[in-house]
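Residue numbers (my numbering): 3 to 302.
Step one of this worksheet: look at the structure below.
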Amino acid sequence: MNYDQRRAELADFLKTRRLALKPEEVGLPTRPSRRTPGLRREDVADLAGISACWYSQLEQARNIRVSDHVLNSLAEALRLNAEERDHLLTLANEDTRSSANVPADGVPPALQRLLDSQHPHPAFALGPRFNILAWNQARTDVYGDLGRIPPAHRHMLWLFFCGHMRELIQNWEPSARSVLAEFRAATGLYVHEPWFTTLVRELGENSTDFRRWWRQHEIEKHHVTTREVEHPFVGRMVLEESMLVVDDRSGRRIILEIPQPGTGTEKKLTALSWQAHQMQDPSWHVLRKPGSGEQRSNHF
Numbered sequence: 003m004n005y006d007q008r009r010a011e012l013a014d015f016l017k018t019r020r021l022a023l024k025p026e027e028v029g030l031p032t033r034p035s036r037r038t039p040g041l042r043r044e045d046v047a048d049l050a051g052i053s054a055c056w057y058s059q060l061e062q063a064r065n066i067r068v069s070d071h072v073l074n075s076l077a078e079a080l081r082l083n084a085e086e087r088d089h090l091l092t093l094a095n096e097d098t099r100s101s102a103n104v105p106a107d108g109v110p111p112a113l114q115r116l117l118d119s120q121h122p123h124p125a126f127a128l129g130p131r132f133n134i135l136a137w138n139q140a141r142t143d144v145y146g147d148l149g150r151i152p153p154a155h156r157h158m159l160w161l162f163f164c165g166h167m168r169e170l171i172q173n174w175e176p177s178a179r180s181v182l183a184e185f186r187a188a189t190g191l192y193v194h195e196p197w198f199t200t201l202v203r204e205l206g207e208n209s210t211d212f213r214r215w216w217r218q219h220e221i222e223k224h225h226v227t228t229r230e231v232e233h234p235f236v237g238r239m240v241l242e243e244s245m246l247v248v249d250d251r252s253g254r255r256i257i258l259e260i261p262q263p264g265t266g267t268e269k270k271l272t273a274l275s276w277q278a279h280q281m282q283d284p285s286w287h288v289l290r291k292p293g294s295g296e297q298r299s300n301h302f
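Okay, here's the thing in structure tokens:
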């Protein structure tokens, strides 16, 4: 198995975290004459108690093995939080699964019934690659019909960076950055796989925001997220998004979107459900053409 991409990701992650730290944050004197931000490689090596030459090889993506003890020392030196530490350990561990272990698309009937039972609240199932496997009618009522787009683009990153979510979600930037950080935290096992490198390349070709934020290597585990949606029929809705992990070792997750109390969103979802039921075509969304500025796909 080719681990060159995994080593490159590890090197990039270490470098971004090193450059994000100021000397005074780790107890070193400020160096006003320095032209580059952050710590030097020698600083990180000293703080971690390792050789500067050896650490430089890590940032150069050399083929060297690293013990968990050294990785934990680096995590301390770089002031990584728990989520970033887990990501570091994942990238450095070559004894991990490949795409052969990723389950096929689709969900069992019982899981689809669970999604349907959440109506009129939007709900959908995510695979370990962040592709959307299944959804309920309420998700279509609020965001449009995923069934109208190719399966390859039924992906959270495609929806946010190359589709209409920018116009629909009023707090788009923090939402998009959060999804991107969650994706990176969840897919460290697969950075050397062809599907991963293809996805990143294609998104970078279609979105300047994706290219810029991808280089920042932000890491975040899922937490409750608030989405502010400006719906073309019922107006502003505020939805709190929560995640449930399916306990079958498949890597699938269920995303539930619950109305925020006191915003009138519950009544609007009910009205939207009734309105969609009355329409001959409930999938209200009209596919958009690429506009000026940020390049977009014709799909969601």
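For each residue, glycine too, the CB sits at the ideal point set by N, CA and C.
Here the structure is a predicted model, which is why all the values come from computation and not from measurement.
Bounding residues of the alpha helix (DSSP H) (the contiguous stretch that carries residue 229): Here residue 229 refers to the residue found at position 227 when the sequence shown is read from its first residue. Residue 229 -> not in any alpha helix (DSSP H); beta strand (DSSP E) instead, spanning 227 to 233.
Determine the burial state of residue 160: buried for a count of at least 16 other Cβ atoms within 10 Å of its Cβ, exposed for fewer. For the purposes of this step, residue 160 is taken as residue 158 along the sequence shown, with counting starting at 1. Classification for residue 160: buried.
Could you give the DSSP three-state label for residue 115: helix, strand or coil? By 1-based counting over the sequence shown, the position of residue 115 is 113. Of the three classes helix, strand and coil, the one that applies to residue 115 here is helix, per DSSP.
Assuming residue 196 is part of the alpha helix (DSSP H), what are its boundary residues? The residue labelled residue 196 in the question sits at position 194 within the sequence shown. First-last of the alpha helix (DSSP H) with residue 196: 196 to 208.
Beta-carbon proximity list for residue 136, same chain, < 8 Å, skipping 5 on both sides: Along the sequence shown, read from residue 1 onward, the residue named residue 136 stands at position 134. Correct list, in chain order: 108, 109, 113, 114, 117, 126, 127.
Cβ atoms of residue 179 and residue 221: under 8 Å apart, would you say? In the sequence shown, counting from the first residue as 1, residue 221 sits at position 219. In the sequence shown, counting from the first residue as 1, residue 179 sits at position 177. Cβ atoms of residue 221 and residue 179: not closer than 8 Å.
Close beta carbons around residue 120, own chain, < 8 Å, minus the five adjacent residues each side: Mapped onto the sequence shown, residue 120 falls at position 118. These residues qualify, in order along the chain: 138, 140, 258.
Excluding sequence positions up to five away, which residues of its chain have a Cβ less than 8 Å from the Cβ of residue 172? Counted from its first residue, the sequence shown places residue 172 at position 170. So the qualifying residues of the chain are 230, 231, 232, 238.
For residue 275, the three-state DSSP class (helix, strand or coil): For the purposes of this step, residue 275 is taken as the residue at position 273 of the sequence shown. In this structure, residue 275 counts as helix in the three-state DSSP scheme.
Look at the alpha carbon of residue 202 and the alpha carbon of residue 209, and state the distance between them as a whole number of angstroms. Looking up residue 202 in the sequence shown gives position 200. Looking up residue 209 in the sequence shown gives position 207. Answer to the nearest angstrom: the Cα atoms are 10 Å apart.
What span of residues does the alpha helix (DSSP H) with residue 183 cover, start to end? Position 181 of the sequence shown, counting from 1, holds the residue named residue 183. Run containing residue 183: 174 to 188, per the alpha helix (DSSP H) assignment.
Measuring straight from C-alpha to C-alpha, what distance separates residue 228 and residue 11? What you label residue 228 is simply residue 226 of the sequence shown in a count that begins at 1. What you label residue 11 is simply residue 9 of the sequence shown in a count that begins at 1. Looking at the two C-alpha atoms, the distance is approximately 30 Å.
From this set, 266, 9, 16, 79, which residue's C-alpha is nearest residue 219's C-alpha? Here the question's residue 219 lines up with position 217 in the sequence shown. Nearest option by C-alpha distance: 16.
Using the three-state DSSP reduction, which class does residue 2 fall into: helix, strand or coil? Lying before the first or after the last residue shown, residue 2 is absent from the chain, which here runs from 3 to 302.
Look up residue 127 in the DSSP assignment and give the residues it is bridged to. Here the question's residue 127 lines up with position 125 in the sequence shown. Answer by DSSP bridge pairing, in chain order: 136, 256.
Can you tell me where the alpha helix (DSSP H) with residue 26 in it begins and where it stops? Numbered from its first residue, the sequence shown carries residue 26 at position 24. No alpha helix (DSSP H) contains residue 26, which DSSP labels as neither H nor E.
Given a cut-off of 8 Å, decide if residue 21 and residue 45 are closer than it, judged by their beta-carbon atoms. Your numbering for residue 45 matches position 43 in the sequence shown. Your numbering for residue 21 matches position 19 in the sequence shown. Contact flag unset, no.
Cβ neighbour criterion (16 or more within 10 Å) applied to residue 134: Looking up residue 134 in the sequence shown gives position 132. Buried.
By how many angstroms is the C-alpha of residue 130 removed from the C-alpha of residue 248? To locate residue 248, count along the sequence shown from 1; it is residue 246. To locate residue 130, count along the sequence shown from 1; it is residue 128. Straight-line Cα distance between these residues: approximately 11 Å.
Kindly identify the DSSP beta-bridge partner or partners of residue 247. What you label residue 247 is simply residue 245 of the sequence shown in a count that begins at 1. DSSP, once it has assigned bridges, lists 255 as partnering residue 247.
Going by alpha carbons, who is nearest to residue 181 out of 152, 211, 195? Translated into the one-based positions of the sequence shown, residue 181 becomes position 179. Checked all of 152, 211, 195; the closest Cα to residue 181 is 211.
So for residue 149, helix, strand or coil by DSSP? Counted from its first residue, the sequence shown places residue 149 at position 147. Helix.
Three-way DSSP call (helix, strand, coil) for residue 141 in this model: If you number the sequence shown from 1, residue 141 lands on position 139. Helix, per DSSP.
My output table needs one value for residue 11: the three-state DSSP class, helix, strand or coil. Residue 11 sits at position 9 when you count from the first residue of the sequence shown. The answer is helix: DSSP assigns residue 11 an H, G or I state.
Among 252, 251, 190, which one has its Cα closest to the Cα of residue 223? Here residue 223 refers to the residue found at position 221 of the sequence shown. Here the closest residue by C-alpha is 190.
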